[in-house]
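Read top to bottom, the protein sequences are chains A and B.
Just so we're aligned, residue 51 is where the first sequence starts under the numbering used here, counting upward by one.
Just so we're aligned, residue 22 is where the second sequence starts under the numbering used here, counting upward by one.
The beta carbon of each residue, even a glycine, is placed where N, CA and C say it ideally should be.
The model shown is predicted, which means the values in this text are computed figures rather than measured ones.
One structure below.
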Amino acid sequence: MAAFGLLGNNVILLVSLASMLQCVSADGKTLVLLDNLNIRDTHSIFFRSLADRGFDLTFKTADDPSLSLIKYGQFLYDHLIIFSPSVEDFGGNINVETITSFIDGGGNVLVAASSDIGDPLRELGSECGIEFDEEKTAVIDHHNYDVSDPGEHTLIVADPENLLKAPTIVGKPTNKPILFKGVGMVADPDNPLVLDILTGSSTSYSFFPDRPISQYPHAVGKNTLLIAGLQARNNARVVFSGSLHFFSDAFFNSAVQKATPGSQRHEQTGNMELAEALSRWVFKEAGVLRVGAVTHHPVGETTPPAAYTVTDLVEYSIVIEMLSEGRWVPFDGDDIQLEFVRIDPFVRTYLKKNGGKYSVKFKLPDVYGVFQFKVDYNRLGYTHLYSSTQVSVRPLQHTQYERFIPSAYPYYASVFSMMAGLFVFSVVFLHMKEKEKSD
Amino acid sequence: TFVHVLHKFYVVNALNLALVGAQALTPSHHLSLSDVARLHSFLSQSFTDLESAYYSIVGLTKLGANVADQRLHLCHIITSQLDPTSVDSLFFAAEASKALSGCEIPVSNETRDILLAAVSEDSTVAQIHRAVGALSSLGLPLASQEVVAALTARINKEDNVMAITLALHTAARLSAQADFVGILEEIEDLTARLDDLGGVYLQFEEGLEATALFVTAAYALSDHVDMEPPLKEDQVIQLVNSIFSKKSWDSLAEAFSVASAAAAFSSNRFHVPVIVSAQGPATVSHSQPTLQLLVTDVLSQPLASASVLVESAYAVASKSVILSQAPFTLNDGVFELNFMSSQPASGYYQFTVAVTGDSRLIANHVELKVKVSTEVAITNMDLSVVDKDQSIGTKTTRVDYPSKAKSSFTADSHQNFAMSFQLVDVNTGVELTPHQTFVRLHNQKTGQEVVFVAEPDSKNLYKFELDTAERKSEFDSISGTYSLYLIVGDATLENPILWNVADVVLKFLDEEAPATVQPKTLYVPKPEIQHLFRKPEKKPPTVVSNTFTALVLSPFLLLLILWFKLGANISNFSFSPSSILFHIGHAAMLGLMYVYWTHLNMFQTLKYLAIIGSLTFLAGNRMLAQKAVKRYAS
Numbered sequence: 051m052a053a054f055g056l057l058g059n060n061v062i063l064l065v066s067l068a069s070m071l072q073c074v075s076a077d078g079k080t081l082v083l084l085d086n087l088n089i090r091d092t093h094s095i096f097f098r099s100l101a102d103r104g105f106d107l108t109f110k111t112a113d114d115p116s117l118s119l120i121k122y123g124q125f126l127y128d129h130l131i132i133f134s135p136s137v138e139d140f141g142g143n144i145n146v147e148t149i150t151s152f153i154d155g156g157g158n159v160l161v162a163a164s165s166d167i168g169d170p171l172r173e174l175g176s177e178c179g180i181e182f183d184e185e186k187t188a189v190i191d192h193h194n195y196d197v198s199d200p201g202e203h204t205l206i207v208a209d210p211e212n213l214l215k216a217p218t219i220v221g222k223p224t225n226k227p228i229l230f231k232g233v234g235m236v237a238d239p240d241n242p243l244v245l246d247i248l249t250g251s252s253t254s255y256s257f258f259p260d261r262p263i264s265q266y267p268h269a270v271g272k273n274t275l276l277i278a279g280l281q282a283r284n285n286a287r288v289v290f291s292g293s294l295h296f297f298s299d300a301f302f303n304s305a306v307q308k309a310t311p312g313s314q315r316h317e318q319t320g321n322m323e324l325a326e327a328l329s330r331w332v333f334k335e336a337g338v339l340r341v342g343a344v345t346h347h348p349v350g351e352t353t354p355p356a357a358y359t360v361t362d363l364v365e366y367s368i369v370i371e372m373l374s375e376g377r378w379v380p381f382d383g384d385d386i387q388l389e390f391v392r393i394d395p396f397v398r399t400y401l402k403k404n405g406g407k408y409s410v411k412f413k414l415p416d417v418y419g420v421f422q423f424k425v426d427y428n429r430l431g432y433t434h435l436y437s438s439t440q441v442s443v444r445p446l447q448h449t450q451y452e453r454f455i456p457s458a459y460p461y462y463a464s465v466f467s468m469m470a471g472l473f474v475f476s477v478v479f480l481h482m483k484e485k486e487k488s489d
Numbered sequence: 022t023f024v025h026v027l028h029k030f031y032v033v034n035a036l037n038l039a040l041v042g043a044q045a046l047t048p049s050h051h052l053s054l055s056d057v058a059r060l061h062s063f064l065s066q067s068f069t070d071l072e073s074a075y076y077s078i079v080g081l082t083k084l085g086a087n088v089a090d091q092r093l094h095l096c097h098i099i100t101s102q103l104d105p106t107s108v109d110s111l112f113f114a115a116e117a118s119k120a121l122s123g124c125e126i127p128v129s130n131e132t133r134d135i136l137l138a139a140v141s142e143d144s145t146v147a148q149i150h151r152a153v154g155a156l157s158s159l160g161l162p163l164a165s166q167e168v169v170a171a172l173t174a175r176i177n178k179e180d181n182v183m184a185i186t187l188a189l190h191t192a193a194r195l196s197a198q199a200d201f202v203g204i205l206e207e208i209e210d211l212t213a214r215l216d217d218l219g220g221v222y223l224q225f226e227e228g229l230e231a232t233a234l235f236v237t238a239a240y241a242l243s244d245h246v247d248m249e250p251p252l253k254e255d256q257v258i259q260l261v262n263s264i265f266s267k268k269s270w271d272s273l274a275e276a277f278s279v280a281s282a283a284a285a286f287s288s289n290r291f292h293v294p295v296i297v298s299a300q301g302p303a304t305v306s307h308s309q310p311t312l313q314l315l316v317t318d319v320l321s322q323p324l325a326s327a328s329v330l331v332e333s334a335y336a337v338a339s340k341s342v343i344l345s346q347a348p349f350t351l352n353d354g355v356f357e358l359n360f361m362s363s364q365p366a367s368g369y370y371q372f373t374v375a376v377t378g379d380s381r382l383i384a385n386h387v388e389l390k391v392k393v394s395t396e397v398a399i400t401n402m403d404l405s406v407v408d409k410d411q412s413i414g415t416k417t418t419r420v421d422y423p424s425k426a427k428s429s430f431t432a433d434s435h436q437n438f439a440m441s442f443q444l445v446d447v448n449t450g451v452e453l454t455p456h457q458t459f460v461r462l463h464n465q466k467t468g469q470e471v472v473f474v475a476e477p478d479s480k481n482l483y484k485f486e487l488d489t490a491e492r493k494s495e496f497d498s499i500s501g502t503y504s505l506y507l508i509v510g511d512a513t514l515e516n517p518i519l520w521n522v523a524d525v526v527l528k529f530l531d532e533e534a535p536a537t538v539q540p541k542t543l544y545v546p547k548p549e550i551q552h553l554f555r556k557p558e559k560k561p562p563t564v565v566s567n568t569f570t571a572l573v574l575s576p577f578l579l580l581l582i583l584w585f586k587l588g589a590n591i592s593n594f595s596f597s598p599s600s601i602l603f604h605i606g607h608a609a610m611l612g613l614m615y616v617y618w619t620h621l622n623m624f625q626t627l628k629y630l631a632i633i634g635s636l637t638f639l640a641g642n643r644m645l646a647q648k649a650v651k652r653y654a655s
């Protein structure tokens, strides 16, 4: 039974390893849906950076009747870029449901919207916990607009302080402001997985620029999301940008300066760096972790026993690797925790980096049952890392208890005196020579 | 299906018409001065081979750049790399040297023969194009009619966009007397092959380079034969959009084609698209009363000969016409109009601007949205805390912008916090209702912000009341000091206002604990857990157990003492092996019991017991038998 279980574990490990290898060596087939093919030219820097990093880009207009994401139950692409804000109906057999099932199947999606947002993208946003504002609305900020704003204060300068503090997602911190022009979003408060990657400032809001404010705006202040992300429970990643211009060559190369007098002029926007970091994250080039070898054994031994005994001193170690430039390198983290779980965790302790692996020594609890060594590492910007190894912990064998308890000395003494008495009595009884009765 | 297609075609056409009717198409992309500078530096990158030299030198010339200062150096590269037997090499060298002017390329009779031989029906269009280009640039004679015949024959075989475009380029190099009718028709055929993308862009699916080269060729040939190319005004604008929308070029050839197309659009005899843009933002105000327009070609070079006229201007909000038939004055390359002299109210104005002065101008009727901006001032800012039961007798505090109220205001659940103010135009004194009039309450401790919209009443007096009891859910019922900000902003306001008016202490009656599930805690380490081991039970004092141990052992001692007194003996013991073995076995069995207690388990014990037990049994049996014999014997 144990051997069978081990075999089963190995098979599962092999299968998961194989799927991981496939994920790494996949050629990054990416479908790019555009409003019109001219976007390929106006956003050429972004697409070139993707192509240079080895992505195999297929450009299609969003209403192309030959579009297809799934064929014979297989996904034709690993990633999907939707740069077609105004699409009212996708062509071919793509619709919001197929895109949702693409995400459910582990596909990564990058969506850019604009003020001309059509219904399918709004629906897709709702599926992912992101509510887009209505068509024709725009994010407006009268205090933080660019000097080159054409008149409606919708060309917004977003401060890098409003970026999510997660370098795996947004790249290294810079002081370059970000240019944004597009539609606003708010996050569904009930969806804890939505990440506020870039928010508006306190003075921003989202409304129709050409209509007086007659109702409470959809998004106000810091609740206004300019760029939002999502890492689903299956590690599929989705990024929504309210602005398609955000990725354009024009915004990449533009200078930026707030219109308020005395603000600093930056020769280049931070858009290019942010867009590249976002694309690295969303297409799983950054922040991807995997579990390598997991070992556990009693301290002083090298192999795990069939079952541990309560209060054993145990050493557990795990290898965690991160994908970097297409290769797996040891991951460097100082907050990885190990849990020893039987329904509820009995022990939760930090793992220490020890050479190429993380390890910890601890004493098993004095409770027996079927336990799991569990590493459940879920951090902002990283894929969800999960490893569980099942072991059984049994109570002390009867020989392992304390033999001579001081309080029980009368019992031992009575037994041993009984035994000694029996021996002596048997000798005396068998070999006694009675005195002559005649005396 | 034909009917269906036809129907679709009509629908598309009708849509296009509707679009055109709604707003005349104007170029949305051109090469701004910074784009031209980037294109210039892209073309100026250093090169080693002749093809790059051609793209770079000719491309720069098209942009009007001066390459003369490097002439000797460039000329040396060209002549040293020249392969006089290759048509391609001759073409690149000849074109580049012609652009450099004053860089002679040696021509032998063999060279000429190679070039002339390439002009035949057996060569590809590309070869014919390069041979003809080289011949004409080198100033060698060629028979135009033969070239036309060869081209016509080749076009029928190579029916693709690039080949036909090159044929057009070639034809433009021939003598104007040749019979071009067949080739001229190709312009129209190619135009029909252009893809219309959303009514804004027009391009070949072969890419930007093909589109740009086609434009260059079409205008070169049209200029050459002095016949207007069969391109409609909208098509020209769509071509401009699609060629100049790409601001980052992949290759020298692509950059060269864009530069060539830009040159063609800015200096041909038929169509010159006009780019009308405001100098800076299209905004006028009391401090900046003139509207300044730049009227340029696609290369952002000013069209000095043009004259600019406002055909009409109306307010977007009221649709009332404010200006008509007003000319702009040219001042140092910038067209200016003092719009504030018409005393417009703040807001947006739709201008229809006509650019005239040259019959070639295209897209010369432009719709412009001009903004009249002003400055706002906040007056009569009154703050008060009102009891809900008795709304009279409250004390109001007046605060002046930009200072902050000296004392903070406290409102509990039986009170309303109230605020009223007016927004007026600094320049005219008129009351304003800007787009954004928000009241922001910011809790400095938790960072939470709550924003309300302040709305004006019929007299444009803004009133804002905060009902503490009613609004508690928006504050998550967290009492504390909130900074009150007033945010005023509008696209037509030059001075957006963010004013920290006062501090407000809000007290909520039933303070609830803040929401327990903080979504972001998903990504932080969980608290450590140390297992709490069960404590060993407290043991009774050993004195008791030791006393009882002694008591328990006493009977055994008593036995020994009594036996001793009674005179117990073992004189009958015989040292026979069986009796020794029996007693040893007996002792060993008792000893095994002890070992069982300390070390062994049941199965091991039974095993040993079986061995020792059977030996002891046999020995005991024998011993008893001997004893019985002895007793009967005595």
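Minimum Cβ-Cβ distance from His-552 of chain B to chain A less than 9 Å: yes
Contact list for the stretch 369-385 of chain A against chain B, Cβ threshold 8 Å: Asp-385
Length of the line joining the Cα atoms of Thr-186 of chain B and Pro-259 of chain A: 45 Å
Those runs of the beta strand (DSSP E) which lie wholly inside the stretch 308-383 of chain B and span at least 3 residues: 311-317, 328-336, 342-348, 350-352, 355-359 and 368-377
Where Met-402 of chain B falls, given that 16 or more other Cβ within 10 Å makes a residue buried: buried
According to DSSP, residues forming a beta bridge with His-386 of chain B: B:Ala-375
Selected residue, minimal CA-CA separation from Ala-86 of chain B, among B:Ala-654, B:Leu-462 and B:Phe-63: B:Phe-63
Per-residue DSSP class, three states only, for Gly-221 of chain A: coil
Per DSSP, cross-strand counterpart(s) of Asp-246 of chain A: A:Ala-278
Distance CB(Ala-432 of chain B)-CB(Leu-527 of chain B) smaller than 9 Å: yes
Simplified DSSP assignment, three categories, for Val-650 of chain B: helix
Buried or exposed (CB count within 10 angstroms, at least 16 for buried), Ser-77 of chain B: buried
Closer than 9 Å to chain A by CB, Trp-618 of chain B: yes
Cβ-based neighbour list, Arg-643 of chain B, same chain, cut-off 6 Å, excluding 5 preceding and 5 following: Ser-599
Where the alpha helix (DSSP H) through Pro-329 of chain A begins and ends: First, the residue type needs correcting, since residue 329 of chain A is Ser and not Pro in the sequence shown. Per DSSP, Ser-329 of chain A belongs to the alpha helix (DSSP H) from 321-332.
Burial state of His-678 of chain B, where buried means 16 or more other Cβ atoms lie within 10 Å: No information on residue 678 of chain B is available, as it lies outside the stretch 22 to 655 that chain B covers here.
Three-state secondary structure (DSSP) of Val-74 of chain A: Residue confidence for Val-74 of chain A is low, a pLDDT of 44 falling below 50, so the modelled location carries little weight; the figure read from the coordinates is stated next. Looking at Val-74 of chain A - three-state DSSP - the assignment turns out to be helix.
contact_flag[the stretch 421-437 of chain A, the stretch 324-342 of chain A] where n(CB pairs < 8 Å) is 3 or more: yes
Proximity below 9 Å, CB of Ile-204 of chain B to CB of Thr-173 of chain B: yes
Alpha-carbon to alpha-carbon, Thr-317 of chain B and Gly-378 of chain B: 13 Å
Simplified DSSP assignment, three categories, for Glu-484 of chain A: coil
Simplified DSSP assignment, three categories, for Met-248 of chain B: coil
Whether Val-261 of chain B touches Pro-294 of chain B by CB criterion (9 Å): yes
Whole-angstrom distance between Ser-498 of chain B and Asn-464 of chain B, CA atom to CA atom: 12 Å
Residue interval of the alpha helix (DSSP H) (run including His-620 of chain B): His-620 of chain B -> no alpha helix (DSSP H), and no H or E assigned at all.
Cβ-based neighbour list, Pro-348 of chain B, same chain, cut-off 6 Å, excluding 5 preceding and 5 following: Leu-330
Under 7 Å by beta carbon: chain A residues contacting Asn-177 of chain B: By Cβ distance, chain A contributes nothing, its closest Cβ being about 29 Å from Asn-177 of chain B, past 7 Å.
Candidates A:Thr-150, A:Asn-194, A:Glu-138 and A:Asp-191: closest to Ile-167 of chain A by CA position: A:Glu-138
Check whether Leu-351 of chain B and Gln-371 of chain B have beta carbons under 9 Å apart: no
Within-9 Å CB hit, Val-182 of chain B to chain A: no
Min CB distance Asn-521 of chain B to chain A below 9 Å: no
Asp-489 of chain A at chain B interface by Cβ criterion, 9 Å: Here the model assigns Asp-489 of chain A a pLDDT of 46, short of 50, so the residue's position is not dependable, and the following value carries that caveat. Chain B contact via Cβ: absent.
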